[in-house]
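Reminder that position 216 of the sequence shown reads as 229 in this note's numbering, one-by-one numbering, no gaps.
C-beta atoms are modelled at their ideal positions from N, C-alpha and C, and glycine is treated no differently.
Since the model is a prediction, treat every value here as computed from it, not as a measurement.
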Amino acid sequence: MKPFNRKENGRRYIWLGTWAASLFVLAGIVWVGSAFASRNGVHPGTPGSPYANMPSIAPIGVRVDKYLDVPELAKGPAVDPAKGYRTQKLGEGLYMITDGAYQSMFMTYEDGVVVVDAPPSYASQIPKAIAEVTSKPITHLVYSHAHTDHIGGSRTLGGQPIIIAHAETNRLLARDRDPDRPLATVTFEDRYRLSVGSQVLELSYHGNAHLSGNIFIYAPKQRTLMVVDMVFPGWMPWRRFAVAQDIPAYFAQVKEINETNFDTLVGGHVARTGTHADVAMQLAFIEDVKTAAATALKTTAPGEGLTRADRSTNPWAVFDNYIDRVAVACVNQLTPKWSTKLAAYDVYIWDQCYSMEQSLRID
Ligand SMILES: [Zn+2]
Numbered sequence: 014m015k016p017f018n019r020k021e022n023g024r025r026y027i028w029l030g031t032w033a034a035s036l037f038v039l040a041g042i043v044w045v046g047s048a049f050a051s052r053n054g055v056h057p058g059t060p061g062s063p064y065a066n067m068p069s070i071a072p073i074g075v076r077v078d079k080y081l082d083v084p085e086l087a088k089g090p091a092v093d094p095a096k097g098y099r100t101q102k103l104g105e106g107l108y109m110i111t112d113g114a115y116q117s118m119f120m121t122y123e124d125g126v127v128v129v130d131a132p133p134s135y136a137s138q139i140p141k142a143i144a145e146v147t148s149k150p151i152t153h154l155v156y157s158h159a160h161t162d163h164i165g166g167s168r169t170l171g172g173q174p175i176i177i178a179h180a181e182t183n184r185l186l187a188r189d190r191d192p193d194r195p196l197a198t199v200t201f202e203d204r205y206r207l208s209v210g211s212q213v214l215e216l217s218y219h220g221n222a223h224l225s226g227n228i229f230i231y232a233p234k235q236r237t238l239m240v241v242d243m244v245f246p247g248w249m250p251w252r253r254f255a256v257a258q259d260i261p262a263y264f265a266q267v268k269e270i271n272e273t274n275f276d277t278l279v280g281g282h283v284a285r286t287g288t289h290a291d292v293a294m295q296l297a298f299i300e301d302v303k304t305a306a307a308t309a310l311k312t313t314a315p316g317e318g319l320t321r322a323d324r325s326t327n328p329w330a331v332f333d334n335y336i337d338r339v340a341v342a343c344v345n346q347l348t349p350k351w352s353t354k355l356a357a358y359d360v361y362i363w364d365q366c367y368s369m370e371q372s373l374r375i376d
């Protein structure tokens, strides 16, 4: 066994130390070099500095530590968490059910119950909610439109109700072949009057805006209008104007709802019903988005801040950079007036500005 040699060991440590230190220095040079290189656009695809006048509202894809507070006006009555839903009487035999995020209706008459929509988030509870007011069976089911988040719970209602929908809804359902969304048994094109006992629902079609086949459902006796995914009382519309398939038609249809005579609006989402004031506010908001995006499209110069190489060889990059700066200007224009008026302004304002500038350019 070799005797312990203090001197030799010490030298080994010095050598190891020097080696580690040079590695550390080398890593430092690489790090500083890469930071310098990316600042000068040498490393393609790495983030650059933010756009000029970047809004304080976090853009899409950026994590938010604390969202804007939900204004009182947007909050509805609380939903009992043990129950999972809240039932609200809207007039003679007409009720809204909500879980705080989705809304549907049911209407009782002499021989049974008509259900309008069956959101899968709470549809299995709908028979229980109905049983709290009547023991009559569900005889009819009306689909507002084909989207699964509003009618995908239909099977859980049980029984064999007559299902009524717009012809376009049935065309989409036939295409999708989803076992959770059975085909309607009765379809119509323009208007359909569902008259059961002493109760009436007037169904009408106003064209494709949110989705083809999305209808207005009006209960004349209760002066209640249900139109789903169009107006969100107290809240920002869901992203990209609630994923409207036709944005100009969406604007026209919100205007139409604003001009319709009703006392209560059931929008299919959020925790409370709506009023004419809610519709008017949403209309004012979307018109402001349109004006802000139109102004930004006119006043933003394309190509600013890009390298000469990107400007001359990458039209997609030129456009993306332009559109991003249009959205920045759009959000900045809207924030002072709207950020505290509508709930979740910060959540979806970028989406609204991006979809608006696109619609203005191509529709
Ligand atoms: Zn929808």
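Two segments are said to touch when three or more pairs of C-beta atoms, one from each, lie closer than 8 Å; by this definition the segment 72-80 does not touch the segment 195-204.
Residue 283 has its Cβ no nearer than 7 Å to any heavy atom of ligand 1. From the listed residues 372, 353, 348, the smallest Cα separation to residue 69 is found for 348. Relative to residue 178, the option among 188, 135, 146, 229 whose CA is nearest is 229. Here the C-alpha atom of residue 152 lies approximately 58 Å from the C-alpha atom of residue 60. With a cut-off of 8 Å on Cβ pairs, the segment 241-248 is in contact with the segment 145-164, counting three or more such pairs. Partner residues in the beta bridge of residue 215, as assigned by DSSP, are 206, 231. Around the beta carbon of residue 336, a 10 Å sphere encloses 16 or more other beta carbons of the protein chains shown; the residue is thus reported as buried. Distances from the CA of residue 67 to each of 353, 360, 338 were compared; the closest alpha carbon is that of 338. The C-alpha of residue 270 is placed about 12 Å away from the C-alpha of residue 277.
Looking only at 356, 102, 123, the smallest Cα-Cα distance to residue 142 is reached by 102. Assignment of residue 222 by DSSP, reduced to helix, strand and coil, places it in the coil class.
The residue among 137, 303, 82, 331 with its C-alpha nearest the C-alpha of residue 316 is 331. Where residue 369 is concerned, there is no enclosing beta strand (DSSP E), although the alpha helix (DSSP H) around it starts and stops at 358-375. No Cβ-Cβ contact shorter than 8 Å links residue 279 with residue 312.
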